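One structure is given below, encoded as structure tokens.
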Amino acid sequence: MGLIFIRSIIIFIATLCVMRLMGKRQIGEMQPYELVITLIIADLACIPLADHSIPLLYGLVAILSVYLLHQIICLLDLQFPIAKAVVSGAPSIVVNKNGIDDAELKKNNLDVSDLIESLRTEGIFALDAVEYALYEASGSFSALPKKDYETLQTSLPIVIIDEGKFDEKNVELTDRDLGYYREILKKQGYQLKKTLVMTVDGNGKLYMQQKGEKYRVLDLAWKVPLW
Numbered sequence: 008m009g010l011i012f013i014r015s016i017i018i019f020i021a022t023l024c025v026m027r028l029m030g031k032r033q034i035g036e037m038q039p040y041e042l043v044i045t046l047i048i049a050d051l052a053c054i055p056l057a058d059h060s061i062p063l064l065y066g067l068v069a070i071l072s073v074y075l076l077h078q079i080i081c082l083l084d085l086q087f088p089i090a091k092a093v094v095s096g097a098p099s100i101v102v103n104k105n106g107i108d109d110a111e112l113k114k115n116n117l118d119v120s121d122l123i124e125s126l127r128t129e130g131i132f133a134l135d136a137v138e139y140a141l142y143e144a145s146g147s148f149s150a151l152p153k154k155d156y157e158t159l160q161t162s163l164p165i166v167i168i169d170e171g172k173f174d175e176k177n178v179e180l181t182d183r184d185l186g187y188y189r190e191i192l193k194k195q196g197y198q199l200k201k202t203l204v205m206t207v208d209g210n211g212k213l214y215m216q217q218k219g220e221k222y223r224v225l226d227l228a229w230k231v232p233l234w
């Protein structure tokens, strides 16, 4: 029992030291390779604890080897931009002055609803209230709102069309039918299947964007309390 206790303490101290040596970014927002290394270290630390027949030194050497690998990758990451892009990835700008960049969303296995959710965490509820938005290589999200963004979101918008499909429950909330929105699409020269997103708020402001095109904002001149 005493041997198990001592082995556990040694592994704990060794793992803690390695994690501290890896730097503060390792503890905070991790790059993909850092997450992989962290998981491997956690796994390696468990092996000598679970199987007492394995010499403790084997576990320590394995952990230190992974730490050495981490330092080599960090060196490449800092010295060579190409290596940094390959190993860590690059930020993806998913919203620009033209609106949502559907291609960038797909690259990151995201959809419009994921983007809208991320924007809400940044305090941005209207899609036309954001200048730029991006996902960092670590997966964190950042958004740059427009100067007057607060005046652009005086009412909470709801999604009418998401990736070429109507949200019929939200359509009912607006006291309009599908035909009403189909007519809007027709007048704007949009096709339902190619419509990336359409939202409308309680003041009748409609945001719509077709894939590969700049977004449009329309004033429907009606007010409906959606919530």
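Start counting at 1 in the sequence shown, then tack on 7, and there's your number in our numbering.
Every residue gets a Cβ at the ideal spot worked out from N, C-alpha and C, and that includes glycine.
Remember, it's a predicted structure, so these values are computed and weren't measured experimentally.
Cutoff 7 Å; reference Asn103; Cβ partners in own chain excluding five residues on either side: Same-chain partners within the cutoff: Tyr139.
Contact set for Ile54: own chain, Cβ-Cβ below 7 Å, skip 5 residues either direction: For Ile54, where only same-chain residues beyond five positions count, the Cβ hits under 7 Å are Ile61, Gly66.
Distance, Gly130 Cα to Leu203 Cα: Straight-line measurement puts the Cα of Gly130 at about 22 Å from the Cα of Leu203.
Leu180 - partner residues in DSSP beta bridges: For Leu180, which the question treats as bridged, DSSP gives no partner whatsoever.
Short Cβ contact (8 Å threshold) for Gln216 with Ile107: Their beta carbons are under 8 Å apart, which means Gln216 touches Ile107 by this criterion.
Buried versus exposed, by CB contacts within 10 Å (16 or more), Lys230: Exposed: under 16 other Cβ atoms inside 10 Å.
With 16 other Cβ atoms within 10 Å as the buried cut-off, status of Ala57: Burial call: exposed.
Lys176 to Glu143 span [Cα, whole Å]: Looking at the backbone, the Cα of Lys176 and that of Glu143 are separated by about 33 Å.
Delimiting residues of the beta strand (DSSP E) encompassing Lys212: Under the DSSP assignment, Lys212 falls in the beta strand (DSSP E) whose first and last residues are 212-217.
Per-residue burial, Ala133 [other beta carbons within 10 Å of its own, 16 or more giving buried]: Ala133 is buried by the Cβ-count criterion.
Residue environment, Ala110, which counts as buried when at least 16 other CB atoms sit within 10 Å: Within 10 angstroms of the beta-carbon of Ala110 lie fewer than 16 other beta-carbons, which makes it exposed.
Neighbourhood of Leu227 by C-beta, 6 Å cutoff - its chain only, sequence neighbours within 5 removed: The answer, listed in chain order, is Gly211, Leu213.
Same chain only: Cβ atoms within 8 Å of Ser162, ignoring 5 sequence neighbours per side: Excluding positions up to five away in sequence, the list reads Asp208, Gly209, Asn210, Lys212, Leu233.
Bridge partners - Val204, DSSP secondary structure assignment: For Val204, which the question treats as bridged, DSSP gives the partners Asp169, Gln216.
Ala69 - containing alpha helix (DSSP H), residue span: Looking at the DSSP string, the run of the alpha helix (DSSP H) that includes Ala69 is 63-86.
Residue closest to Leu145, alpha-carbon to alpha-carbon, out of Ile48, Leu122, Asn115, Gln160: According to the sequence as given, residue 145 is Ser; it is not Leu. With distances taken between CA atoms, Ser145 lies nearest to Asn115 out of Ile48, Leu122, Asn115, Gln160.
Nearest-angstrom Cα separation, counted from Gly186 out to Gly171: Gly171 and Gly186 have their C-alpha atoms spaced approximately 15 Å apart.
Glu138: first and last residue of the uninterrupted beta strand (DSSP E) it sits in: Glu138 -> beta strand (DSSP E) spans 137-142.
Buried versus exposed call for Ala126 [16 or more other C-beta atoms within 10 Å across all chains shown]: According to the sequence shown, residue 126 is Leu rather than Ala. The residue in question, Leu126, is buried, as its Cβ has 16 or more Cβ neighbours within 10 Å.
Under 8 Å between C-beta atoms of Asp135 and Val68: Not a contact, by the Cβ cut-off of 8 Å.
Per DSSP, cross-strand counterpart(s) of Ala228: In the DSSP assignment, Ala228 is bridged to no other residue.
Per-residue DSSP class, three states only, for Ser125: In this structure, Ser125 counts as helix in the three-state DSSP scheme.
Residue environment, Glu190, which counts as buried when at least 16 other CB atoms sit within 10 Å: Label assigned to Glu190: exposed.
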